[in-house]
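Numbering (our numbering), first residue to last: 19 to 123.
Glycine included, every Cβ here is placed at the ideal spot set by N, Cα and C.
Structure, as structure tokens:
Okay, structure coming up:
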């Protein structure tokens, strides 16, 4: 269940030794930080991560097709969320990019 708005839990986050924290704006050359720039940056790492999460390398299309694929539960649920949200945000083309967890690259 999703917690009510305003109700938060605390988590401890840990990273390994290969950590390079920089402001997102640090990758630009004085350019404005746009939604597209952030999406491209996130997509770069989402693409790398998708290879290790067990997603597929092609479009899924619908939940019925997803059932036939051997996708682990967590990425399957993320793909399903993209398919569910497609109608609410058609300009994002979430159905087309569900296999990449919604990121177009």
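Considering only C-alpha positions, which residue in the set the options is nearest to residue i?
i: residue 104; options: 36, 89, 116, 122; result: 116
i: residue 91; options: 107, 72, 63, 39; result: 72
Contact defined as beta carbons within less than 8 Å: I believe residue i pairs with residue j. What is the distance between those atoms, to the nearest angstrom?
i: residue 119; j: residue 96; result: 5 Å
i: residue 61; j: residue 122; result: 7 Å
Within its chain, find whatever has a CB closer than 8 Å to the CB of residue i; leave out the 5 residues flanking it on each side and keep chain order.
i: residue 57; result: 121, 122
i: residue 79; result: 113
Might you give, ordered along the chain, the residues of its own chain that have their beta carbon closer than 7 Å to the beta carbon of residue i, omitting 5 neighbours on each side?
i: residue 81; result: 98, 101
So what does DSSP say about residue i, is it helix, strand or coil?
i: residue 85; result: helix
i: residue 108; result: helix
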